[in-house]
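Each remark here refers to the structure printed beneath this line.
Residue numbers (my numbering): 73 to 298.
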């Protein structure tokens, strides 16, 4: 009797495994190309639209997105889904009463330059740059590329809460306020631990750079179930 129960349990396990292997194939056909699954929230679908133009409304913050973000790379260096990261930054901006515009800069992979260009395209003059590995910068249009408002260089230590606060602070700068800079943890062991992986991710990001390609507007949709 004991052997029969063990056999039934084994067969049941094998059947469930087989069903589990087949299920993704069925769902995959229903998942739009370019969708990025969220871990903490809904999935995200980025769609490229027309060539981006500088904005004129003072109530917007532009999020400048790196070439490989949500394309060949779908998560940060510490495993945060790009869908969750972008959702939190957007939520932070919207909580301050401002709106978000998304622009992909395809001709450069340096986050400081992406952020500065985002600021120049923003009607408020404030932009956020985000790399695929998670490094982020808040920038102002009249500052030099390597002179910024706030820099978040240690991507492995950036949490979703910090990304949300990045959005909030960027919106506050856009409203002419002087927010308290976001405190981030500094760990001297992060660099040696993640240096090789960070270099590889940046190389992969740079592989998607298209010389002379103009920036493009992105439409972002959120949905549960993809």
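Note that beta-carbon positions come from the ideal geometry of N, C-alpha and C, so glycine has one too. What you are looking at is a predicted structure, and each value in this text was computed from that prediction instead of being measured.
Assigned secondary structure, residue i (DSSP; H/G/I helix, E/B strand, else coil)
| i | result |
| --- | --- |
| residue 135 | strand |
| residue 262 | helix |
| residue 142 | coil |
| residue 285 | coil |
| residue 124 | coil |
| residue 291 | strand |
| residue 279 | coil |
| residue 271 | helix |
Contacts around residue i, its chain only, beta-carbon distance under 6 Å, and the 5 residues preceding and following it disregarded
| i | result |
| --- | --- |
| residue 177 | 136, 186, 189 and 287 |
| residue 155 | 108, 110, 115 and 116 |
| residue 230 | 206 and 224 |
| residue 130 | 195 and 196 |
| residue 96 | In this predicted model, residue 96 has a pLDDT of only 44, less than 50, meaning its place in the structure is not dependable; the value taken from the coordinates is given anyway. For residue 96, where only same-chain residues beyond five positions count, there are no Cβ hits under 6 Å. |
| residue 257 | 229 |
| residue 265 | none |
| residue 121 | 289 and 291 |
| residue 201 | 136, 183, 186, 187, 190 and 209 |
| residue 146 | 108 and 154 |
| residue 220 | 209 and 211 |
Cβ distance (whole Å) where residue i is taken to contact residue j below 8 Å
| i | j | result |
| --- | --- | --- |
| residue 183 | residue 203 | 5 Å |
| residue 277 | residue 138 | 6 Å |
| residue 206 | residue 133 | The Cβ separation is near 19 Å, so there is no contact. |
| residue 149 | residue 237 | Actually they are not in contact, since the Cβ atoms of residue 149 and residue 237 sit about 19 Å apart, beyond 8 Å. |
| residue 222 | residue 234 | The pair is not a contact, with the Cβ atoms about 11 Å apart (cut-off 8 Å). |
| residue 179 | residue 267 | 26 Å between Cβ atoms; not a contact. |
| residue 290 | residue 118 | 5 Å |
| residue 160 | residue 232 | 5 Å |
| residue 104 | residue 294 | Not confirmed; about 12 Å, so no contact. |
Neighbourhood of residue i by C-beta, 8 Å cutoff - its chain only, sequence neighbours within 5 removed
| i | result |
| --- | --- |
| residue 162 | 135, 172, 239 and 292 |
| residue 225 | 207 |
| residue 218 | 184 |
| residue 170 | 131, 132, 133, 196, 243, 246 and 247 |
| residue 296 | 114 and 115 |
| residue 262 | 226, 228 and 229 |
Cutoff 7 Å; reference residue i; Cβ partners in own chain excluding five residues on either side
| i | result |
| --- | --- |
| residue 254 | 222, 234, 237, 238 and 241 |
Pick out the complete beta strand (DSSP E) segments inside the region 147–223, 3 residues or longer, and give them in chain order. Taken in chain order, the complete beta strand (DSSP E) segments of 3 or more residues contained in the region 147–223 are 171–176, 198–202 and 208–212.
Between the region 243–259 and the region 107–126, are three or more C-beta pairs nearer than 8 Å? Touching, no.
For the 8 Å Cβ check, are there 3 or more pairs between the region 160–171 and the region 116–128? By the Cβ rule, the region 160–171 does not count as touching the region 116–128, because fewer than three pairs are nearer than 8 Å.
Run through the region 223–261 for me and flag every whole alpha helix (DSSP H) of 4 or more residues, listed as ranges in chain order. Those alpha helix (DSSP H) runs which fall completely within the region 223–261 and span 4+ residues are 232–246.
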